[in-house]
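Down below is the structure, laid out as structure tokens.
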Amino acid sequence: MPRVGLFITCVNDALYPETPKAVVRILERLGYDVEFPAAQTCCGQMHANSGYKNDAAALARSFEAVFGDYDAVVTPSGSCAAMARDQYPHLTGGDIGRRVHELSEFLLDVAGVEDVGARFPHTVTYHPTCHGTRALGLGDKPLRLLRAVDGIELVDLPAADQCCGFGGTFALKNTEVSSAMLADKCRHAAATGAEYLAAADNSCLTHIGGGISRLNRDVPAATARPRPVHYAEILASTA
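In the working numbering, the protein residues as written are 1 to 239.
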């Protein structure tokens, strides 16, 4: 089996540690030994997107040094995987990005597994994040994995391909536009009646979750406020 390194990302490290733990449970269930190099830092995405090229390049070189000996790097983040794959070659000239896989890419394209042995008896709707869809071209890979989960009921999300309005600093610099996009996404999520809203990036789920929490509280919570959850945590569940 390939030597696998886990890149957990800044957001997950600071706010959502259960997501990378879920990735480890999934991969170990499939027989992989997962290593977590403690020297990992930020991938440099926010620096690159804000115009700080030198700072981004320094972080990219650090990433390459930390993960350079691994056959595969797995991350539960479409946006960070896209950073390594699309921007690192321009920042450092390195090619480590071809070994960086968003979780669904690794499971389907490397491990060749669609059913990871999960059970999750709940209704779920899925939001395809922009980086996963447009930068990585994930297509329906996360959904293929979710469809194989025992007991799950997947509900289509209206206008699923529309951005939630987060976009990192976009939400800060373009507040009114971002808020309008978020309102649309939250209305669509509420209309599904699903218990959970899943996605491949916790940054987007943070944004959507904040909007959902502010929906009309007179509407029953089960239908108006689906709980945001990273799809890795669903795949890790066996309850």
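Glycine included, each C-beta is placed from N, C-alpha and C at the ideal position.
Quick caveat, the model's predicted, so the values are computed rather than measured.
Notebook entry, point to check: What's the gap between the Cα of residue 9 and the Cα of residue 126?
Noted result: Residue numbering aside, residue 9 sits at position 9 when the sequence shown is read from its first letter. Residue numbering aside, residue 126 sits at position 126 when the sequence shown is read from its first letter. For residue 9 and residue 126, the distance between alpha carbons rounds to 21 Å.
Check: Can you tell which of 176, 160, 119 has the C-alpha that lies nearest to the C-alpha of residue 151?
Finding: Position 151 of the sequence shown, counting from 1, holds the residue named residue 151. Residue nearest to residue 151 within the set 176, 160, 119 is 119 (criterion: CA-CA distance).
Check: Using a Cβ-Cβ cut-off of 6 Å (strictly less than) and excluding sequence neighbours within five positions of residue 64, which residues of its own chain qualify?
Finding: As a first step, residue 64 must be located in the sequence shown, where it is residue number 64. Only 94, 96 meet the Cβ criterion.
Checklist line | Meets three-Cβ-pair contact criterion under 8 Å: the segment 166 to 179 and the segment 101 to 120 | finding: No: fewer than three Cβ pairs fall under 8 Å.
Next item on the list: Could you please give me the residues that DSSP links to residue 197 through a beta bridge?
Entry: Numbered from its first residue, the sequence shown carries residue 197 at position 197. In DSSP, residue 197 forms a bridge with 125, 228.
Margin query: My output table needs one value for residue 154: the three-state DSSP class, helix, strand or coil.
Written below: Looking up residue 154 in the sequence shown gives position 154. In the structure shown, residue 154 falls within a strand segment according to DSSP collapsed to helix, strand and coil.
Checklist line | Bounding residues of the beta strand (DSSP E) (the contiguous stretch that carries residue 75) | finding: Start at 1 with the first residue of the sequence shown, and residue 75 comes out as number 75. In the DSSP assignment, residue 75 falls within the beta strand (DSSP E) that extends over 72 to 75.
Check: What is the rounded straight-line gap between the Cα of residue 7 and the Cα of residue 239?
Finding: Taking the sequence shown and counting its residues from 1, one reaches residue 7 at position 7. Taking the sequence shown and counting its residues from 1, one reaches residue 239 at position 239. About 26 Å.
Notebook entry, point to check: Three or more beta-carbon pairs under 8 Å between the segment 139 to 151 and the segment 181 to 193, yes or no?
Noted result: Contact fails: fewer than three Cβ-Cβ distances are below 8 Å.
Next item on the list: In angstroms with no decimal places, state the Cα-to-Cα distance between residue 58 and residue 28.
Entry: For the purposes of this step, residue 58 is identified with residue 58 of the sequence shown, where counting begins at 1. For the purposes of this step, residue 28 is identified with residue 28 of the sequence shown, where counting begins at 1. Residue 58 and residue 28: Cα-Cα distance of roughly 32 Å.
Check: What's the gap between the Cα of residue 31 and the Cα of residue 128?
Finding: Start at 1 with the first residue of the sequence shown, and residue 31 comes out as number 31. Start at 1 with the first residue of the sequence shown, and residue 128 comes out as number 128. When the Cα atoms are used, residue 31 and residue 128 turn out to be separated by approximately 28 Å.
Item checked: With 16 other Cβ atoms within 10 Å as the buried cut-off, status of residue 177 -> One-based indexing of the sequence shown puts residue 177 at position 177. The residue is exposed, with fewer than 16 neighbouring Cβ atoms inside 10 Å.
Check: Is the beta carbon of residue 233 less than 9 Å from the beta carbon of residue 81?
Finding: On the sequence shown, position 233 is the one that residue 233 refers to. On the sequence shown, position 81 is the one that residue 81 refers to. It is not a contact, given that the beta carbons lie outside the stated cut-off.
Check: Is the distance from the Cβ of residue 72 to the Cβ of residue 92 below 9 Å?
Finding: Residue mapping note: residue 72 aligns to position 72 of the sequence shown, counting from 1. Residue mapping note: residue 92 aligns to position 92 of the sequence shown, counting from 1. Inclusion of residue 72 and residue 92 in the CB contact set at 9 Å is not warranted, their separation being larger than that value.
Notebook entry, point to check: Near residue 35, what residues of its chain come up, given a Cβ to Cβ distance below 6 Å and the 5 sequence neighbours on each side ignored?
Noted result: Working through the sequence shown from its first residue, we reach residue 35 at position 35. Apart from the 5 residues on each side of it in sequence, residue 35 sits with its Cβ closer than 6 Å to the Cβ of 5 in its chain, given in chain order.
Notebook entry, point to check: When the Cα atoms are used, what is the spatial distance from residue 207 to residue 157?
Noted result: Translated into positions along the sequence shown, residue 207 becomes position 207. Translated into positions along the sequence shown, residue 157 becomes position 157. In a straight line, the C-alpha of residue 207 is about 17 Å away from that of residue 157.
Notebook entry, point to check: Out of curiosity, what's the CA-to-CA distance linking residue 138 and residue 159?
Noted result: Counting from one through the sequence shown, the residue named residue 138 turns up at place 138. Counting from one through the sequence shown, the residue named residue 159 turns up at place 159. Spanning the alpha carbons of residue 138 and residue 159 requires a straight line of approximately 17 Å.
Next item on the list: Could you check which residue in 237, 165, 197 has the C-alpha nearest to that of residue 123?
Entry: Indexing the sequence shown from 1 puts residue 123 at position 123. Answer by Cα proximity: 197.
Next item on the list: Return helix, strand or coil for residue 144, following the three-state DSSP convention.
Entry: Within the sequence shown, residue 144 is the residue found at index 144, counting from 1. Looking at residue 144 - three-state DSSP - the assignment turns out to be helix.
Notebook entry, point to check: Quick one: what's got a C-beta closer than 6 Å to residue 201's C-beta in the same chain, skipping five residues either side?
Noted result: Taking the first residue of the sequence shown as position 1, residue 201 is located at position 201. Correct list, in chain order: 77, 78, 79, 129.
Notebook entry, point to check: Residues in its own chain within less than 6 Å of residue 204 by CB, not counting five upstream and five downstream?
Noted result: Residue 204 sits at position 204 when you count from the first residue of the sequence shown. Non-local C-beta neighbours of residue 204 in its own chain, meaning closer than 6 Å and more than five positions away in sequence, comprise 129, 164, 166, ordered along the chain.
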